[in-house]
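Visitor:
Numbering (my numbering), first residue to last: 38 to 352.
1) Given residue 339, which residues of its chain have a CB within under 6 Å of its CB, disregarding the five upstream and five downstream residues?
2) Looking at residue 96: is its Cβ nearer than 8 Å to the Cβ of residue 54?
3) Any idea what DSSP makes of residue 224, helix, strand or coil?
4) Identify whether residue 256 lies in helix, strand or coil by the three-state DSSP scheme.
5) Spatial neighbours of residue 112 within its chain, please: C-beta separation below 8 Å, excluding the five flanking residues on both sides.
6) Check this for me: beta carbons of residue 201 and residue 177, under 8 Å apart or not?
7) Taking three-plus beta-carbon pairs below 8 Å as touching, is the region 64 to 80 in contact with the region 106 to 126?
8) Less than 8 Å between the CB atoms is what I'm expecting for residue 170 and residue 164, so what's the real figure, rounded?
9) Whole angstroms are fine: how far does the CA of residue 125 sit from the CA of residue 56?
10) May I have the straight-line CA-CA distance separating residue 68 from residue 232, to the nearest angstrom?
11) Pull up the distance between the alpha-carbon of residue 328 and that of residue 229, whole angstroms please.
12) Which of helix, strand or coil does DSSP assign to residue 45?
13) Which residue comes first and which comes last in the alpha helix (DSSP H) that contains residue 213?
14) Cβ of residue 127 versus every heavy atom of the ligand ZN: is any distance shorter than 7 Å?
15) Just reading off the alpha helix (DSSP H) that residue 332 is part of, what are its end residues?
16) Where in the region 243 to 316 do unbroken runs of the beta strand (DSSP E), each at least 3 residues long, occur, reported from the N-terminal end onward?
17) Considering only C-alpha positions, which residue in the set 138, 123 and 137 is nearest to residue 131?
18) Taking 8 Å as the CB-CB cut-off, is residue 237 touching chain C?
19) Buried or exposed for residue 323, going by 16 or more other Cβ atoms inside 10 Å?
20) With residue 91 as the anchor, note down where its alpha helix (DSSP H) starts and where it stops.
21) Just mark residue 271 as buried or exposed, buried being the case when its beta carbon has 16 or more other beta carbons within 10 Å.
22) Return helix, strand or coil for residue 120, following the three-state DSSP convention.
23) Excluding the five sequence neighbours on either side, which residues of its own chain have a C-beta within less than 7 Å of the C-beta of residue 334, listed in chain order?
24) How about residue 236 and residue 259: do their beta carbons lie closer than 8 Å?
25) For residue 212, collect the residues of the same chain with a Cβ closer than 6 Å to its Cβ; drop the 5 residues on either side in sequence, then sort them by chain order.
26) Thinking C-beta only, is residue 91 closer than 8 Å to residue 145?
27) At which residues does the alpha helix (DSSP H) containing residue 66 begin and terminate?
28) Please report the straight-line C-alpha distance between residue 62 and residue 310, rounded to a whole angstrom.
29) How about residue 187 and residue 86: do their beta carbons lie closer than 8 Å?
30) Does the beta-carbon of residue 179 have 16 or more other beta-carbons within 10 angstroms, so that it is buried, or is it exposed?
31) Mapping the DSSP letters down to three states, classify residue 114 as helix, strand or coil.
32) Under the rule that 16 or more other beta-carbon atoms within 10 Å means buried, what is residue 128, buried or exposed?
33) What's the gap between the Cα of residue 43 and the Cα of residue 157?
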């Protein structure tokens with residue numbers, strides 16, 4: 038290699054362009070993981086073809102395969118990933134055209150956001166508050182994780198990135214830092230009084246284990262520190278551990294629940310209030326586009342029934 042670029046040749050593969058792209062671009066770990074998963078899925082279908090051998094027929098076939106088992110949004114994510122790599126390959130002179138030019142995106146549709154209804158949420162919190170419940174340990178820890186996701190609307194990666202120094206107790210604010218941001222931004226969200234009281238308990242438990250010295254850089258949800266007599270090993274909470282817990286919780290409740298559904302629930306509950314402040318909701322969710330936030334602002338059935346009931350009678 039010359040610097041970070043491979044020596045020019047005609048047989049550059051998808052793996053080659055990814056190696057250069059990953060080296061030369063400043064990508065966060067979650068983006069790297071996403072790109073690598075998508076590349077592996079393509080290679081599983083077609084092998085590690087030279088870029089110049091990848092034609093529209095391959096991509097049309099792959100699009101059909103993806104849409105048979107996944108949503109249009111999934112295909113569109115795959116397509117954006119490939120376009121970024123191909124544009125880079127074009128800049129390097131490794132290819133002469135982009136085969137995706139005529140392989141379009143899939144219409145995303147307008148599905149309702151998947152949320153957690155209040156009945157399920159109450160039952161989940163009751164299970165995690167039950168001292169007789171031997172499963173889903175440490176229950177108190179995971180209960181607080183759920184409350185944090187619900188009251189803040191933060192993403193899973195932001196939860197894992199959260200440090201004690203990011204919580205401003207006096208101002209009642211939580212800083213969601215760039216390290217956990219999908220869009221490489223940081224912003225503040227309010228610290229609800231109900232959540233603040235619960236987090237104080239976790240803060241005290243952390244202080245008792247590590248001492249009352251400064252521990253601002255310590256992870257808030259340090260599962261290794263609070264694992265108790267569970268199978269978890271020492272070390273910080275990971276996204277994979279969060280995923281694993283929510284899989285077990287969904288199986289136990291026999292209903293789906295996930296960090297993203299809790300984020301949708303937070304946004305949907307706020308948006309269904311009369312005359313919601315859409316700009317404030319956009320800031321809470323960290324959306325770069327107001328149109329993304331507007332997807333949550335949909336009247337529920339009761340609101341629509343009320344509007345219909347006010348129609349003048351035609352007779």
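Note that CB positions come from ideal geometry on N, CA and C, so glycine has one too.
Guide: Let's see:
1) Indexing the chain shown from 1 puts residue 339 at position 302. Correct list: empty, nothing qualifies.
2) Within the chain shown, residue 96 is the residue found at index 59, counting from 1. Within the chain shown, residue 54 is the residue found at index 17, counting from 1. Result no, Cβ atoms of residue 96 and residue 54 do not sit closer than 8 Å.
3) Sequence index remark: in the chain shown, residue 224 carries index 187 (1-based). It is a strand residue.
4) On the chain shown, residue 256 is found 219 positions in, with the first residue counted as 1. Of the three classes helix, strand and coil, the one that applies to residue 256 here is strand, per DSSP.
5) Position 75 of the chain shown, counting from 1, holds the residue named residue 112. So the list reads 100, 103, 104, 142 and 143, once near-sequence residues are dropped.
6) One-based indexing of the chain shown puts residue 201 at position 164. One-based indexing of the chain shown puts residue 177 at position 140. No, Cβ-Cβ distance for residue 201 and residue 177 is not below 8 Å.
7) yes
8) Locating residue 170 in the chain shown gives position 133, where the first residue counts as 1. Locating residue 164 in the chain shown gives position 127, where the first residue counts as 1. Yes, they are in contact, since the Cβ atoms of residue 170 and residue 164 sit about 6 Å apart, within 8 Å.
9) The residue labelled residue 56 in the question sits at position 19 within the chain shown. The residue labelled residue 125 in the question sits at position 88 within the chain shown. Looking at the two C-alpha atoms, the distance is approximately 11 Å.
10) The residue labelled residue 68 in the question sits at position 31 within the chain shown. The residue labelled residue 232 in the question sits at position 195 within the chain shown. So the two alpha carbons sit approximately 30 Å from each other.
11) Stepping through the chain shown from its first residue, residue 328 is reached at position 291. Stepping through the chain shown from its first residue, residue 229 is reached at position 192. Cα-Cα distance, rounded: 26 Å.
12) Residue numbering aside, residue 45 sits at position 8 when the chain shown is read from its first letter. Low local confidence applies: a pLDDT of 43 at residue 45 is under 50, so the model's placement there is unreliable, with the coordinate-based value given in what follows. The answer is coil: DSSP assigns residue 45 none of H, G, I, E or B.
13) Looking up residue 213 in the chain shown gives position 176. That residue, residue 213, is in no alpha helix (DSSP H); its beta strand (DSSP E) goes 210 to 213.
14) Within the structure as shown, the ligand ZN is missing, as the structure has no ligands at all.
15) Translated into positions along the chain shown, residue 332 becomes position 295. Unbroken run through residue 332: none, as it is neither H nor E.
16) none
17) Along the chain shown, one-based indexing puts residue 131 at 94. With distances taken between Cα atoms, residue 131 lies closest to 123.
18) Within the model displayed, chain C is absent; a lone protein chain is all it includes.
19) Residue mapping note: residue 323 aligns to position 286 of the chain shown, counting from 1. Around the beta carbon of residue 323, 16 or more other beta carbons lie within 10 angstroms, which makes this residue buried.
20) Here residue 91 refers to the residue found at position 54 when the chain shown is read from its first residue. Where residue 91 is concerned, there is no enclosing alpha helix (DSSP H), given that its DSSP letter is neither H nor E.
21) Within the chain shown, numbered from 1, the residue matching residue 271 stands at position 234. Flag for residue 271 reads exposed.
22) Position 83 of the chain shown holds residue 120. Here residue 120 sits in helix by DSSP.
23) The residue you call residue 334 lines up with position 297 of the chain shown. Within the same chain, residue 334 has close Cβ partners 308, 313 and 315.
24) Translated into positions along the chain shown, residue 236 becomes position 199. Translated into positions along the chain shown, residue 259 becomes position 222. Taking 8 Å as the Cβ cut-off, residue 236 and residue 259 do not qualify as a contacting pair.
25) Working through the chain shown from its first residue, we reach residue 212 at position 175. These residues qualify, in order along the chain: 203 and 225.
26) By one-based count along the chain shown, residue 145 stands at place 108. By one-based count along the chain shown, residue 91 stands at place 54. It is not a contact, given that the beta carbons lie outside the stated cut-off.
27) For the purposes of this step, residue 66 is identified with residue 29 of the chain shown, where counting begins at 1. First-last of the alpha helix (DSSP H) with residue 66: 66 to 83.
28) As a position in the chain shown, residue 62 is number 25, starting the count at 1. As a position in the chain shown, residue 310 is number 273, starting the count at 1. Taking the straight line from one Cα to the other gives about 42 Å.
29) Taking the chain shown and counting its residues from 1, the one referred to as residue 187 is at position 150. Taking the chain shown and counting its residues from 1, the one referred to as residue 86 is at position 49. For residue 187 and residue 86, no; Cβs fall outside 8 Å.
30) As a working mapping, residue 179 is identified with position 142 in the chain shown. So residue 179 ends up on the buried side.
31) Translated into the one-based positions of the chain shown, residue 114 becomes position 77. It is helical.
32) To locate residue 128, count along the chain shown from 1; it is residue 91. Classification for residue 128: exposed.
33) Translated into positions along the chain shown, residue 43 becomes position 6. Translated into positions along the chain shown, residue 157 becomes position 120. Low local confidence applies: a pLDDT of 44 at residue 43 is under 50, so the model's placement there is unreliable, with the coordinate-based value given in what follows. Distance between the alpha carbons of residue 43 and residue 157 is about 53 Å.
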